[in-house]
Amino acid sequence: MTTEHEVPAEAMEVVPSQPVKEPIKISFGVKKKLETLVIKTESQSVAALDVAEASDEDLEEEERAAKRRKLTHFEDGAMPEDDEDKKKKASVVIPMVMEVDWRVQKLLEQEKDGSISDSDRARLELLVGSNPVLAEQRKKEQGENQDDAIVVDTCKTETEDADYNQVSIESFGLAILRGCGWKDGEGIGKNPQKVAMRLLERRPKGLGLGATPKTVDKKKAKNGDKGDEVSQDIKTGSLIKITQGIHKGAYAKVDSRDDDNSSLVARLALGGRVIRVSLFACYAVNQKEFDKEGKVLNREEYDKEKRRIDKEKEKYEEKRRDDRDGERKKEKRRDDRDYERRKEDDSEVWVRVDCRVRMVSEDYKKGKHMDEKMRVVDVADRKNITLEDDDGRTHYNIRQSWLETVMPRSNGEKVIILRGRNRGAKGVMVEKDRERESLQISIIPTHEIVKVAFDDACQPLVLKGINYFGFETETYTPHGIWSYDLNVYLDFIKNNNFNAIRVPFSLEMVKNNPSNLNINCATNPGLCGKSALQLLDVFIDRAAERGFLIMLDNHRITPGGGISELWYNNEYPESQKFTKTHCRWNVFAIDLKNEPHDSASWGNSNAATDWNKAAERIINSLSSFLGLFFVEGIEWGNRLENVAQFPINTGNPSLNNRVVYSPHCYGPSVYDRPEFNTPDFPNNLDGMYMVKYGFIVNQTGQPVVVGEWGGRAEVGSKDMTWNQWYIEWLRSKCITNNFYWCLNPNSADTGGLLEDDWLTPIPRKINLTNRAQPNPTKFQAQNGQICITAGAFPEAHCQVGVKVTDGPGTTTTTVNAGPTTITTSAPIAPSTAVAQAPSTTTVPSSGGGGVTLSTVVVNQWQASGENGSAVKQYTLRISNGSPSTVCSVHIKLNASIKDKWNLDEVSSDLYRTPSWMTIAPDAVADQAGYIAYGESVPTVSSVHNC
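To convert, note that position 779 of the sequence shown is 779 in the UniProt record's numbering; the numbers rise steadily by one, no gaps.
Okay, here's the thing in structure tokens:
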């Protein structure tokens with residue numbers, strides 16, 4: 001709005017052509033030379049524009065007149081105009097008033113006195129032709145069209161702002177157009193064609209280029225018997241179904257609207273994750289549909305299973321109608337013998353911690369979790385089992401009779417036997433009989449075949465872990481993020497096939513929760529300003545997004561110092577508990593104390609130093625934690641031999657089932673021990689490691705996971721020899737669940753998987769980890785679900801099944817031979833021997849004496865091999881009777897080979913022992929073996945001494 005100024009009377013000449021009732025006051029608010037204006041209406045009447053300032057009396061009179069106007073209704077939020085106002089607006093004309101350019105004026109003067117040149121005359125014609133006002137002035141000066149003259153006053157007086165309120169904006173604009181020659185009903189411009197106005201719709205925000213918003217049909221949803229239609233006016237609290245994007249098909253509840261971006265902030269019904277979704281990628285649903293469908297994991301599988309169940313129910317009802325008694329029991333999931341095992345009066349508890357089970361009863365929450373797969377986290381008794389679903393929610397007081405185990409999909413996968421005389425034993429599934437709902441399992445390491453029901457076995461976890469330290473140090477952060485993005489390291493871990501991270505921390509960090517951490521805010525903008533425990537939460541969440549399990553490791557009492565001998569000191573007594581609870585699905589374990597040593601003891605009845613008794617007390621104090629408890633050995637975690645006499649016993653069977661023994665083991669680069677410097681190194685380590693912890697799995701049934709191992713592993717070094725030998729030893733004993741130390745390059749003793757620049761990987765170390773565990777279990781978080789892909793033992797002899805006798809005179813065998821599976825049934829005599837006598841061949845070595853090569857047939861299958869021959873598994877025993885150490889033996893196997901281990905192929909039918917398998921004088925190496933069709937009598941081609 002502009003301010004009115006008084007305009008001198010001589011500044012504008014008003015030429016009234018006929019009387020007018022009241023002058024209209026208009027000002028353009030700009031300084032211009034004025035001309036006398038003649039305003040013509042369409043009825044040929046002339047309205048004078050009076051730019052003089054209106055008096056207060058005039059304004060008051062207008063206001064009184066407006067008040068006297070009778071108000072009857074409103075139109076578009078304003079008082080309607082009367083006919084007089086509409087007529088006045090439709091008749092106002094404002095001709096163009098344009099200042100004459102001084103150059104044009106000069107040319108006109110030259111034309112008038114006849115001194116204009118031809119070129120200037122042409123320039124004048126062009127300028128006048130583009131200016132209607134100048135053209136009219138020129139005609140006037142030439143005496144043409146005097147009746148239609150527009151008087152232009154070239155007075156230099158300039159106008160000031162006048163009152164715009166006297167003319168509405170729509171009338172003002174039309175008046176200007178009329179002054180330019182436009183008439184009502186005509187088009188604007190040179191082409192008088194009338195063009196209909198086109199109103200463009202504003203493009204919705206948040207919709208990409210080329211995309212069109214999909215219209216959603218109104219979905220009719222019945223609320224009880226009302227049949228009400230669901231409103232598609234989505235607002236806070238609305239229930240929606242997502243139709244596009246990665247969450248397609250999911251249900252959510254709206255937390256808020258973001259109208260500026262045409263999106264919603266909603267919380268998924270399944271998992272509770274907060275997401276952002278476009279307004280055009282969802283529609284509203286009613287409460288009934290939301291409750292029924294919102295937490296279905298896999299819609300297609302669910303619908304398929306529902307159809308199957310409905311069909312079975314229909315058959316069942318038909319049978320009931322045909323039955324003369326009118327009653328029948330529900331369709332059995334097991335035969336009578338297996339069904340009886342699951343009855344309530346069954347006193348045996350077969351469910352074990354960490355097994356995958358399926359809910360098969362509708363008695364729990366009215367069938368809401370029917371057929372849902374869950375993980376067992378605690379077993380108190382058969383009526384009090386605790387489960388965790390794939391969304392991380394915990395379910396308490398579950399009955400054993402409501403559950404069944406989840407079986408592996410393919411032969412060769414590892415399982416645990418839950419019930420019977422082999423309870424707790426691990427084995428490999430060699431055959432699944434779906435009709436009889438039973439499994440044939442090869443027990444490790446005896447290779448005994450047993451047949452068990454589906455409910456008597458479950459599938460275990462296969463770990464390939466990595467240590468990533470930093471929280472336990474004075475930085476209180478995972479190292480490396482002082483320079484680079486944390487996501488870079490987590491992605492590196494994922495890309496190299498790890499599925500778990502051991503995260504060391506200090507008790508001081510948990511107690512004090514420091515802030516002002518050393519974080520590069522430019523590369524980690526989302527981490528700056530967070531405390532240590534908040535950063536740990538983010539670390540765990542980002543790991544969960546990538547499918548990593550997390551083990552929290554009580555690594556140190558205080559940061560910056562060394563590792564304490566015992567689990568306590570004066571400032572941090574044993575009663576000091578973990579004060580931070582992480583309720584994430586992927587926090588699966590706690591390592592109670594890192595590397596007890598020196599004064600720490602095991603089983604000597606000294607409460608101040610006995611680590612085994614302290615571990616029992618700590619586990620009981622942490623009984624609310626639903627994961628696993630890792631217990632390391634003494635002597636820097638390496639010695640667990642006293643477990644044979646003093647196993648961990650908390651007094652609670654459900655807690656005992658969640659104990660994992662976790663040795664730490666390193667080679668010469670960490671500490672060059674005497675056993676690394678003997679002539680028979682590294683083969684002398686086998687008996688030593690078996691005594692320390694190799695016996696635990698077979699003797700106690702408790703799992704063993706190596707919590708730390710590794711080293712610098714320089715090419716050709718003794719440390720590389722140890723690393724390679726240790727991996728093969730773990731594989732041969734089927735103890736390959738492990739956490740490699742470490743990712744960080746700044747570990748002084750071992751280095752890490754990365755070079756000192758914190759970015760470049762070290763291939764030789766990555767190859768070692770892949771050799772140790774090439775096929776771990778995989779976890780993938782997707783659409784509120786945790787998808788699990790089973791892992792497997794790396795070694796063939798840990799996966800291959802052996803003979804099973806179904807009855808007298810019949811055998812059924814399964815052999816996992818590479819990607820194919822051979823299954824045969826053939827009559828044999830019950831007394832048929834499985835193994836045959838060893839065959840032996842001897843050749844002299846270059847150092848004198850001789851190297852003896854013998855084979856032992858470990859397994860034999862009556863399968864149809866090449867030329868109808870049987871399939872046999874051989875173990876090679878290489879004895880060095882020479883005074884020199886043998887570094888390599890070249891062997892001809894003389895058979896068609898299906899699989900092999902710890903043998904490198906040189907050429908067709910010629911193999912050699914690996915470089916790490918050195919054989920000291922009078923020593924025997926038996927780590928190599930193979931599977932062949934038919935008989936194999938291997939011969940030694942050559943022997944190479946060190």
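Cβ coordinates follow ideal geometry from the N, Cα and C atoms, glycine included.
Closer than 9 Å to chain C by CB, residue i
{"i": "Gln110", "result": "In the structure shown, chain C does not exist; there is a single protein chain."}
DSSP three-state assignment for residue i, whether helix, strand or coil
{"i": "Ser623", "result": "coil"}
{"i": "Leu730", "result": "helix"}
{"i": "Glu431", "result": "strand"}
{"i": "Met370", "result": "coil"}
{"i": "Gln440", "result": "strand"}
{"i": "Gln287", "result": "helix"}
{"i": "Val230", "result": "coil"}
{"i": "Asp598", "result": "coil"}
{"i": "Tyr689", "result": "helix"}
{"i": "Arg639", "result": "strand"}
{"i": "Ser575", "result": "coil"}
{"i": "Met720", "result": "helix"}
{"i": "Asn945", "result": "strand"}
{"i": "Val104", "result": "helix"}
{"i": "Ala932", "result": "strand"}
{"i": "Pro653", "result": "helix"}
{"i": "Ala589", "result": "strand"}
{"i": "Glu109", "result": "helix"}
{"i": "Pro794", "result": "coil"}
{"i": "Glu344", "result": "Its pLDDT being 43, under 50, Glu344 is placed unreliably by the model, and the measurement read from it follows with that caveat. Correct three-state label for Glu344: coil."}
{"i": "Asn767", "result": "helix"}
{"i": "Asn699", "result": "First, the amino acid is wrong: residue 699 is Gln here, not Asn. Here Gln699 sits in helix by DSSP."}
{"i": "Thr939", "result": "strand"}
Cutoff 7 Å; reference residue i; Cβ partners in own chain excluding five residues on either side
{"i": "Ser238", "result": "Val254 and Ala284"}
{"i": "Arg434", "result": "none"}
{"i": "Phe290", "result": "Leu239, Tyr251 and Ala269"}
Sub-9 Å separation of residue i and residue j beta-carbons
{"i": "Met917", "j": "Asn683", "result": "yes"}
{"i": "Thr361", "j": "Met370", "result": "What sits at residue 361 in the sequence shown is Ser, not Thr. In this structure, Met370 lies closer than 9 Å to Ser361 by Cβ."}
{"i": "Asn467", "j": "Pro504", "result": "yes"}
{"i": "Phe630", "j": "Leu655", "result": "no"}
{"i": "Ser724", "j": "Asp391", "result": "The sequence given here places Gln at residue 724; Ser does not occur at that position. It is not a contact, given that the beta carbons lie outside the stated cut-off."}
{"i": "Arg617", "j": "Glu574", "result": "yes"}
{"i": "Lys295", "j": "Lys368", "result": "yes"}
{"i": "Gln702", "j": "Val660", "result": "yes"}
{"i": "Arg542", "j": "Leu486", "result": "yes"}
{"i": "Val697", "j": "Pro663", "result": "no"}
{"i": "Glu404", "j": "Arg352", "result": "no"}
{"i": "Asp354", "j": "Leu743", "result": "no"}
{"i": "Arg257", "j": "Lys235", "result": "yes"}
{"i": "Val924", "j": "Val889", "result": "no"}
{"i": "Ala532", "j": "Asn513", "result": "yes"}
{"i": "Lys733", "j": "Gly751", "result": "no"}
{"i": "Ala781", "j": "Ala500", "result": "no"}
Sequence-distant residues of its chain with Cβ nearer than 6 Å to residue i (five each side left out)
{"i": "Asp646", "result": "Checking the sequence shown, residue 646 turns out to be Phe, not Asp. Excluding residues within five positions, the ones whose Cβ falls inside 6 Å are Gly603 and Asn612."}
{"i": "Asp120", "result": "Leu107"}
{"i": "Asn642", "result": "Trp602 and Gly603"}
{"i": "Lys112", "result": "none"}
{"i": "Val274", "result": "Arg267"}
{"i": "Gln773", "result": "Lys464 and Thr736"}
Own chain partners of residue i with C-beta closer than 8 Å, once the 5 adjacent residues on each side are dropped
{"i": "residue 948", "result": "Since the displayed the chain opens at 1 and closes at 946, residue 948 lies outside it and no answer follows."}
{"i": "Cys521", "result": "Leu527 and Cys528"}
With a floor of 3 residues, list each beta strand (DSSP E) that falls wholly inside the segment 229-273, ordered by position along the chain. Annotation: the segment 229-273 contains the following complete segments of the beta strand (DSSP E) (minimum length 3 residues), in chain order: 239-242, 251-258 and 263-268.
Can we say the segment 541-555 touches the segment 485-497, given the rule of at least three CB pairs closer than 8 Å? Yes, since at least three Cβ pairs between the segment 541-555 and the segment 485-497 fall closer than 8 Å, the two stretches touch.
Contact between the segment 739-750 and the segment 425-434: three or more CB pairs below 8 Å? No: fewer than three Cβ pairs fall under 8 Å.
Just to confirm the assignment: which complete beta strand (DSSP E) runs, minimum length 3, are found wholly within the segment 509-560? Fully enclosed beta strand (DSSP E) runs of 3 or longer: 549-556.
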